[in-house]
Amino acid sequence: MNKLSKMDAFLASAFKYQHTFQCPKCRSSMALINKNLICESNHSFDISKKGYVNFLLAPHDSIYSKSLFQARQKTADARVFHILMDEVADSINRLCGKESISILDAGCGEGSISAGIYKRLGARDIEFHGIDISKEGISIAGNCGLPILWSVGDLSNLPYKNEAFDVMLNVLSPSNYSEFFRVMKENSTMIKVVPGPGYLKEFRNVLFSSTSKASYSNQKVKDLFKKNLSNFNSQKIQYSFSPDELQLHDLIEMTPLLVDRNLEAAEKEKLKKIQTISLDYEILTGSKT
Ligand SMILES: C[S@@+](CC[C@H](N)C(=O)[O-])C[C@H]1O[C@@H](n2cnc3c(N)ncnc32)[C@H](O)[C@@H]1O
Ligand SMILES: [Zn+2]
Numbered sequence: 001m002n003k004l005s006k007m008d009a010f011l012a013s014a015f016k017y018q019h020t021f022q023c024p025k026c027r028s029s030m031a032l033i034n035k036n037l038i039c040e041s042n043h044s045f046d047i048s049k050k051g052y053v054n055f056l057l058a059p060h061d062s063i064y065s066k067s068l069f070q071a072r073q074k075t076a077d078a079r080v081f082h083i084l085m086d087e088v089a090d091s092i093n094r095l096c097g098k099e100s101i102s103i104l105d106a107g108c109g110e111g112s113i114s115a116g117i118y119k120r121l122g123a124r125d126i127e128f129h130g131i132d133i134s135k136e137g138i139s140i141a142g143n144c145g146l147p148i149l150w151s152v153g154d155l156s157n158l159p160y161k162n163e164a165f166d167v168m169l170n171v172l173s174p175s176n177y178s179e180f181f182r183v184m185k186e187n188s189t190m191i192k193v194v195p196g197p198g199y200l201k202e203f204r205n206v207l208f209s210s211t212s213k214a215s216y217s218n219q220k221v222k223d224l225f226k227k228n229l230s231n232f233n234s235q236k237i238q239y240s241f242s243p244d245e246l247q248l249h250d251l252i253e254m255t256p257l258l259v260d261r262n263l264e265a266a267e268k269e270k271l272k273k274i275q276t277i278s279l280d281y282e283i284l285t286g287s288k289t
């Protein structure tokens, strides 16, 4: 897809769903005018040729680099996240059976998981938004060729109107419950994916073998989710993946644990010898009442 058609694809969806957006500066309504989303106070956010809109009010430095997101995308292409995406799509179908639904993926990174879930939801009428604070991530997401509305923005100041979404997705990303609840409809569903204790444990074992970071607990995150949502449910998903050499390289590159870490030669050697990678997730679901 060339650059113009990515913008046109965004414009077509934005035209249909322009009234879902709300200005992150003054919180007034927005409309699509001449390739810009413009609010009632004239704050204007232009649509990038790369197929997204940038709502960030200040520049943001992130530990997540372009190469990390590219490696995440290649890892997704190697079908490492397929079981997770199947299960999340099943949860959406089970918990929100309406023919027409609106979904926000908050903290969507480079969008591989959002796109995989969108495709699995089939022929339903879906308004799908993905937002992430990283412009690097969202510029990659804009390439996906699906009618997903990608935005660069902060999940603590979402550019969407109150009670806009039937489903709030939040995969391996931070949450801001008061802001999420503002944009979620009454009785809507939240689906949060958290890593389980075995998630990428082979990397942890090499890096943190003798420290407390070798093990990870998601208990506090789960407790907070339970405190905020009703009809709580949780589902554990555990599987493994045997990467070839290139896939292992991408898995190492996509892991925030390894960002900015100067690996010793012995650690690099141990990482290269890893044969199997464990994926361990918990899918938390609940409703806003
Ligand atoms: C581990 S990545 C997960 C990305 C994606 N959901 C996935 O599973 O592939 C965490 C993401 O949260 C995003 N993030 C962190 N703080 C954020 C914020 N305040 N607003 C929006 N996104 C944020 C990061 O930029 C990063 O893309
Ligand atoms: Zn405004």
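The opening residue of the sequence shown carries number 1 in UniProt numbering; numbering runs sequentially from there. Note that beta-carbon positions come from the ideal geometry of N, C-alpha and C, so glycine has one too.
Ligand 1 heavy atoms versus the CB of residue i: any closer than 7 Å?
i           : result
Asp250      : no
Ser112      : yes
Arg72       : yes
Leu172      : yes
residue 333 : Nothing can be reported for residue 333: it is not among the residues displayed for the chain, which extend from 1 to 289.
Asp154      : yes
Asp132      : yes
Tyr64       : yes
Pro59       : no
Cys144      : no
Gly109      : yes
Pro197      : no
Gly116      : no
Pro243      : no
Pro159      : no
Gly51       : no
Gly137      : yes
Pro256      : yes
Below 7 Å CB to CB, which residues in the same chain sit around residue i once its five sequence neighbours on both sides are set aside?
i      : result
Thr255 : Leu200 and Phe203
Leu95  : Thr189 and Thr285
Ile237 : Ile83, Leu84, Glu87, Tyr281 and Ile283
Asn218 : Val194, Pro195, Gly196 and Glu282
Lys226 : Phe232
Ile101 : Arg124, Ile126, Asp166 and Val167
Give the C-beta separation of residue i and residue j to the nearest angstrom, bearing in mind that I take them to be a contact with Cβ-Cβ under 8 Å.
i      : j      : result
Lys288 : Met184 : 5 Å
Val193 : Leu172 : 6 Å
Tyr52  : Phe10  : 7 Å
Leu155 : Gly107 : 6 Å
Gln18  : Ala31  : 6 Å
Leu246 : Ile277 : That belief does not hold up - the Cβ atoms of Leu246 and Ile277 are roughly 14 Å apart, past 8 Å.
Lys6   : Lys50  : 6 Å
Lys25  : Leu57  : 6 Å
Ile133 : His60  : 5 Å
Ala14  : Ile38  : So it is not a contact: roughly 12 Å between Cβ atoms.
Asn143 : Tyr177 : No, Asn143 and Tyr177 are not in contact; Cβ-Cβ is about 31 Å, not under 8 Å.
CB-CB under 6 Å to residue i, same chain, minus the five flanking residues each way: which ones, in chain order?
i      : result
Phe128 : Ile103, Tyr118 and Ile148
Leu146 : Ala115 and Tyr118
Met168 : Leu104, Phe180, Met184 and Met190
Phe241 : Val80 and Ile277
Gly137 : Phe69, Gly109 and Glu110
Beta-carbon within less than 8 Å of residue i's beta-carbon, same chain only, minus the 5 sequence neighbours each way: which residues are those?
i      : result
Ala12  : Pro147
Ile140 : Lys66, Phe69, Gln70, Gln73, Glu110 and Gly111
Leu258 : Phe203, Leu207 and Ile252
Arg261 : Leu207
Counting only C-beta atoms, is residue i closer than 8 Å to chain D at any point?
i     : result
Leu84 : Going by chain labels, chain D is absent from the structure shown, which holds only one protein chain.
query = Within the structure, which residues are defined as neighbours of ligand 2 by a Cβ-heavy atom distance below 6 Å, reported in chain order?
reply = Cys23, Lys25, Cys26, Ser28, Cys39, Ser41 and His43
ask   = Which ranges does the alpha helix (DSSP H) cover as unbroken runs of at least 4 residues, wholly within the UniProt domain "Methyltransferase" (103-173), from first to last along the chain?
value = 112-120 and 135-141
inquiry  = At 4 residues or longer, what runs of the alpha helix (DSSP H) sit wholly inside the stretch 173-197?
reply    = 177-183
Whole runs of the beta strand (DSSP E) within the stretch 42-80, excluding any shorter than 3 residues = 44-46 and 52-54
Residue ranges of each alpha helix (DSSP H) within the stretch 216-254, 4 or longer = 219-228 and 245-253
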